[in-house]
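Visitor: My numbering puts the first residue of the sequence shown at 638, with every later residue one more than the last.
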Amino acid sequence: MINIPPIIERITELLNQDTDASVTYAALEARLALEKVCYDRLRQCHDYISHEDLKKWQPNQVVNTLINDVDQHATSTRTLSISRLPSVEGRDPKDEDYVEIGTEVGFDPKLMGKFWNALAKLALHVRLPQSRNDVIPNYGDKEKIKAKVIDVITELRRLSNTTMTFSGIGEEVSFECDCGTKNRRRADLLKEGQVVSCINPECAGSWHVRIDGKDIGFKARLAHIKCEQCAKCNHIPWRSVAAMKYDQVGSFYCDSCEYKNYFKWVLKQVRPEIVLD
Ligand SMILES: [Zn+2]
Ligand SMILES: [Zn+2]
Numbered sequence: 638m639i640n641i642p643p644i645i646e647r648i649t650e651l652l653n654q655d656t657d658a659s660v661t662y663a664a665l666e667a668r669l670a671l672e673k674v675c676y677d678r679l680r681q682c683h684d685y686i687s688h689e690d691l692k693k694w695q696p697n698q699v700v701n702t703l704i705n706d707v708d709q710h711a712t713s714t715r716t717l718s719i720s721r722l723p724s725v726e727g728r729d730p731k732d733e734d735y736v737e738i739g740t741e742v743g744f745d746p747k748l749m750g751k752f753w754n755a756l757a758k759l760a761l762h763v764r765l766p767q768s769r770n771d772v773i774p775n776y777g778d779k780e781k782i783k784a785k786v787i788d789v790i791t792e793l794r795r796l797s798n799t800t801m802t803f804s805g806i807g808e809e810v811s812f813e814c815d816c817g818t819k820n821r822r823r824a825d826l827l828k829e830g831q832v833v834s835c836i837n838p839e840c841a842g843s844w845h846v847r848i849d850g851k852d853i854g855f856k857a858r859l860a861h862i863k864c865e866q867c868a869k870c871n872h873i874p875w876r877s878v879a880a881m882k883y884d885q886v887g888s889f890y891c892d893s894c895e896y897k898n899y900f901k902w903v904l905k906q907v908r909p910e911i912v913l914d
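(1) Apart from the five residues just before and just after L652, which ones in its own chain have a Cβ nearer than 7 Å to its Cβ?
(2) Within the present structure, is the beta-carbon of D677 separated from the nearest heavy atom of ligand 2 by less than 8 Å?
(3) Quick check on the burial criterion: 16 or more other C-beta atoms within 10 angstroms. Buried or exposed for C840?
(4) Given a cut-off of 9 Å on the beta-carbon distance, is the pair V833 and R822 in contact?
(5) Buried or exposed: which applies to D914, given that a residue is buried once 16 or more other Cβ atoms fall within 10 Å of its Cβ?
(6) By a C-beta neighbour count over all protein chains shown, 10 Å radius and 16 as the cutoff for buried, is N920 buried or exposed?
(7) Quick check on the DSSP output: the alpha helix (DSSP H) that includes L748 runs from which residue to which?
(8) Indicate the three-state DSSP secondary structure (helix, strand or coil) for N653 in the structure shown.
(9) According to DSSP, is K882 part of a helix, a strand, or is it coil?
(10) Please report how far the alpha carbon of Y676 lies from the alpha carbon of A868, in whole angstroms.
(11) Tell me where the alpha helix (DSSP H) around L793 begins and ends.
(12) Would you kindly check if the distance between the Cβ of S797 and the Cβ of I648 is under 9 Å?
(13) Considering E689, what are the terminal residues of the alpha helix (DSSP H) in which it resides?
(14) Does the beta carbon of Y834 fall short of 8 Å from some heavy atom of ligand 2?
(15) Whose C-beta lies closer than 8 Å to the C-beta of D657 among residues of the same chain, with five residues either side of it excluded?
(16) Quick check: the Cα distance between Q831 and S687, rounded to an integer number of angstroms?
(17) Is G817 near ligand 1, with its Cβ less than 8 Å from a heavy atom?
(18) For K828, which of D729, D849 and C814 has the nearest alpha-carbon?
(19) L671 and F744 - do their beta-carbons sit closer together than 9 Å?
(20) The beta strand (DSSP E) spanning H762 covers which residue range?
(21) With respect to the beta strand (DSSP E) encompassing L859, which residues constitute its N-terminal and C-terminal limits?
(22) Of all the options K731, G727 and E726, which has the alpha carbon lying nearest to the alpha carbon of I719?
(23) Looking only at its chain, what residues have a beta carbon closer than 6 Å to the beta carbon of R876, apart from the 5 residues adjacent to it on each side?
(24) Measuring CA to CA, which of Y883, N898, A667 and R858 is closest to L756?
Written out as C-alpha cells, the structure is:
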C-alpha cells in the first residue's frame, strides 16, 4: 500500500518555499501523488482487470473502469472486522464480539480526475500566446496553483486513513485463455457485449461477454482467414489484427499445412444498406 504522509510532507515543504518554481514543482508532485493513489487501488485489483483494457486511460478513467468491472463499492468507505470466536448456529451475528482488521477510505474518481486535470492546466502548461506582442510567462499563476495544491493535499490526507485495500466482493467467474492464464471476473459487473482482454500483458486474447439468463459466456474475438493453399480456416486474435496500420501486411503459418499466408487491411467500397443495418 502506498505511504501518503511523506508525500504530503514533501508537497507542503515545496509550497512553503513559496516561489513560482517551487509551487509549480509542488503541483507536479501532487499530480504524481494522485496517479500513485489511483494506480495503487488498481494494483490490488489486477487479477480482475487486464493491462490492455486500461493502458490508454487517464488515472480517473482507470479508476472508473475499476469500479465498473471489479468493485462497485470502491467509492464507499469500508471497514473489515472479524468476530473473536467462531460463529455458533442459532446465535445472532450482531451479538458477536468483533475485532477491526482495517479500513479502506472511499474514493471519488471524478474528483481525482478533476484535480489531475486542473493541476496540469494551472501549473504544467505554459500559456499559449494570443498575439505577436504577448509575453510568454515562465510559470502559471502562483496563488491559483497553491490553492489547488492545498485542495489536493486535503483529499490525500483523507485517503491516507486507508489501512487496507479490498479487491471487491461478489461471485466470480473464471475461464482459461489459450495462453494458459486464468482470467477471473466479478459476475455481477459483466455486461452483454462487453469486451474483456486476457490479463496476461503479453497475450493478445480478447472476448465478447455473452449473457443468457444466469449463464455467462465468453466468445473469443478472432479474425477468420482461409489458408490459400489448403483452404483451412485459421483463427487470429482480433487484437493483433486490429493493431495493424492500414496497408500494413501481416502473415501467419497455416495450422494445418504450414503454408505462409499474408493479409492486409484495405479500404473497401460498400453499399450503406449492407453495413448500416
Ligand atoms: Zn491469454
Ligand atoms: Zn493450409
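Using N, Cα and C, we set each Cβ at its ideal position, and we do this for glycine too.
Guide: Checking against the coordinates, here is how it stands:
(1) For this step, residue 652 is matched to residue 15 along the sequence shown. The beta carbon of L652 sits closer than 7 Å to those of V660, A663, K783 and V786, all from its chain and outside the five residues before and after it, given in chain order.
(2) Indexing the sequence shown from 1 puts residue 677 at position 40. No.
(3) Counted from its first residue, the sequence shown places residue 840 at position 203. Buried, by the Cβ-count rule.
(4) If you number the sequence shown from 1, residue 833 lands on position 196. If you number the sequence shown from 1, residue 822 lands on position 185. Yes, the pair counts as a contact, with Cβ atoms nearer than the cut-off.
(5) Along the sequence shown, read from residue 1 onward, the residue named residue 914 stands at position 277. Residue placement at D914 is flagged as unreliable, the pLDDT there being 45, under the threshold of 50; a coordinate-derived value is accordingly withheld.
(6) The requested residue 920 does not occur in the structure, where the chain is confined to residues 638 to 914.
(7) Residue mapping note: residue 748 aligns to position 111 of the sequence shown, counting from 1. From DSSP, the alpha helix (DSSP H) with L748 extends over P746 to L756.
(8) In the sequence shown, residue 653 corresponds to position 16, counting from 1. For N653, the three-state secondary structure derived from DSSP is helix.
(9) Indexing the sequence shown from 1 puts residue 882 at position 245. Judged by DSSP in its simplified three-state form, K882 adopts coil rather than helix or strand.
(10) If you number the sequence shown from 1, residue 676 lands on position 39. If you number the sequence shown from 1, residue 868 lands on position 231. Cα-Cα distance, rounded: 47 Å.
(11) Here the question's residue 793 lines up with position 156 in the sequence shown. Per DSSP, L793 belongs to the alpha helix (DSSP H) from K779 to L796.
(12) The sequence position of residue 648 within the sequence shown is 11, counting from 1. The sequence position of residue 797 within the sequence shown is 160, counting from 1. Cβ distance not < 9 Å, so I648 and S797 don't count as in contact.
(13) As a first step, residue 689 must be located in the sequence shown, where it is residue number 52. Where E689 is concerned, the enclosing alpha helix (DSSP H) stretches over H688 to L691.
(14) Looking up residue 834 in the sequence shown gives position 197. Checking the displayed sequence, the identity of residue 834 turns out to be Ser instead of Tyr. Checking every heavy atom of ligand 2 against the Cβ of S834, none is found closer than 8 Å.
(15) Position 20 of the sequence shown, counting from 1, holds the residue named residue 657. Closer than 8 Å at Cβ, skipping near neighbours: N775, Y776 and K779.
(16) Residue numbering aside, residue 831 sits at position 194 when the sequence shown is read from its first letter. Residue numbering aside, residue 687 sits at position 50 when the sequence shown is read from its first letter. Cα-Cα distance, rounded: 14 Å.
(17) Taking the sequence shown and counting its residues from 1, the one referred to as residue 817 is at position 180. Yes, the beta carbon of G817 sits closer than 8 Å to at least one heavy atom of ligand 1.
(18) Residue numbering aside, residue 828 sits at position 191 when the sequence shown is read from its first letter. Closest by alpha carbon: D849.
(19) Translated into the one-based positions of the sequence shown, residue 744 becomes position 107. Translated into the one-based positions of the sequence shown, residue 671 becomes position 34. Going by C-beta atoms, F744 is not nearer than 9 Å to L671.
(20) Counted from its first residue, the sequence shown places residue 762 at position 125. From DSSP, H762 is part of no beta strand (DSSP E); its letter is neither H nor E.
(21) Your numbering for residue 859 matches position 222 in the sequence shown. L859 to K863 is the extent of the beta strand (DSSP E) around L859.
(22) As a first step, residue 719 must be located in the sequence shown, where it is residue number 82. Nearest C-alpha to I719: K731.
(23) Here residue 876 refers to the residue found at position 239 of the sequence shown. Excluding positions up to five away in sequence, the list reads A841 and S843.
(24) Residue 756 sits at position 119 when you count from the first residue of the sequence shown. The candidate whose alpha carbon is nearest that of L756 is A667.
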